[in-house]
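**Q**
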Amino acid sequence: AVTITISGGALNSTPTATPGTICSGANVQLHAIASGGSGSYTYTWTSTPVGFTSSIADPFANPAVNTTYHVAVFDGFTTINPQVTVTVNALPATPTITAGGPITFCAGGNVTLTSSAGASYLWSNGATTQSINVSTTGSYKVQVTNASGCLSAASAATIVSVNALPVTPTITAGGPTTFCNGSSITLTSSAEASYLWSNGASTQSINITASGSYTVKVTNASGCQSAASVATVVTANALPATPTITAGGPTTFCA
1346 AVTITISGGA
1356 LNSTPTATPG
1366 TICSGANVQL
1376 HAIASGGSGS
1386 YTYTWTSTPV
1396 GFTSSIADPF
1406 ANPAVNTTYH
1416 VAVFDGFTTI
1426 NPQVTVTVNA
1436 LPATPTITAG
1446 GPITFCAGGN
1456 VTLTSSAGAS
1466 YLWSNGATTQ
1476 SINVSTTGSY
1486 KVQVTNASGC
1496 LSAASAATIV
1506 SVNALPVTPT
1516 ITAGGPTTFC
1526 NGSSITLTSS
1536 AEASYLWSNG
1546 ASTQSINITA
1556 SGSYTVKVTN
1566 ASGCQSAASV
1576 ATVVTANALP
1586 ATPTITAGGP
1596 TTFCA
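Taking my numbering, I'd label the letters of the sequence shown as residues 1346 to 1600.
1. At the level of alpha carbons, what is the spacing between Ala-1546 and Thr-1591?
2. Give the range of the beta strand (DSSP E) segment to which Lys-1562 is assigned.
3. Cutting at 8 Å between CB atoms, please list the residues of its own chain near Ser-1539, excluding the five before and the five after it.
4. Give the C-beta separation of Ala-1463 and Val-1479 to the nearest angstrom, bearing in mind that I take them to be a contact with Cβ-Cβ under 8 Å.
5. Whole angstroms is fine: what's the gap from Ala-1452's alpha carbon to Ala-1583's?
6. For Leu-1541 versus Thr-1517, is the C-beta distance shorter than 9 Å?
7. For Thr-1457, count neighbouring Cβ atoms within 10 angstroms of its own Cβ and tell me buried if that reaches 16, exposed if not.
8. Using CA atoms only, rank isn't needed, just tell me which of Thr-1430, Leu-1436, Thr-1389 is closest to Ala-1371.
9. For the stretch 1525-1583, list the alpha helix (DSSP H) runs that are entirely contained and at least 4 residues long, ordered along the chain.
10. Using a beta-carbon distance below 9 Å, is Gly-1593 in contact with chain B?
11. First and last residue of the beta strand (DSSP E) that includes Leu-1467?
12. When DSSP labels each residue in this structure, what does Cys-1599 get in the three-state scheme?
13. What number of angstroms, rounded off, separates the C-alpha of Tyr-1559 from the C-alpha of Ala-1576?
14. In the DSSP assignment, find the beta strand (DSSP E) that holds Cys-1451 and state where it starts and stops.
15. Short of 6 Å in beta carbon distance, which residues of its chain neighbour Asn-1552, apart from the five on each side in sequence? Order them along the chain.
16. Just to confirm before moving on: does the CB-CB distance between Thr-1523 and Val-1505 stay below 9 Å?
17. Does DSSP put Leu-1510 in a helix, a strand or coil?
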């Protein structure tokens, strides 16, 4: 008697499924081994039962649908026709990414990217959760795996852009920061696209006449705001009271 063993395994499929089961688009290799009987063996693979026609061993196939393969094994006396069925599982639909906010923001911010549903997930940054929190510039894609263990194509890329903050500004005083009431001093910020002073002013330079602690923040062309500058303390000292004169006698008299 002739004994024939048929094995099927997925090739180039990610992830690999159980023998005889592949994901759509993957190759499968089928291998028949005959033992016992007498003489040498000749193998003929086909998708329909046939008798011996030619010698073809270890075929490759790329089936798009579930396919049953037959192998005619001829030992010189008898042709035997066992079969193996290859199950082809569909790939998941290509996933989409939804951003939970703006994908262009200033350093220190972040955005949550969420994949459409799947059984499991693989992001281009190595994450394996459905949603990821992103705080760095980059191109992000995701693949999903379905219940059959088949991996989808990669989603379209979502580009996240993180803009740098401006350098913390400095304040230059145009004179002494301590003076008498009635005088003033000009405070000037280092240059940037726009300005916001602690007193609400929005010009690069401000004229100060009152005591106080003054800071400034600057905004760059990307719309990102800096940290506040070191405070400049201005002291405006009060003037003495206007004096009075006391006469030590009549202010009208003879020479």
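By construction, the Cβ of each residue, glycine as well, lies at the ideal position given by its N, Cα and C atoms.
**A** This is what the structure holds:
1. 47 Å
2. 1561-1564
3. Ser-1547, Val-1563, Thr-1564
4. Note on residue identity: the sequence assigns Gly, not Ala, to residue 1463. So it is not a contact: roughly 19 Å between Cβ atoms.
5. 45 Å
6. no
7. exposed
8. Leu-1436
9. none
10. Of the protein chains in the structure, only one exists, and it is not chain B.
11. 1465-1468
12. coil
13. 5 Å
14. 1449-1451
15. Ser-1529, Thr-1531
16. no
17. coil
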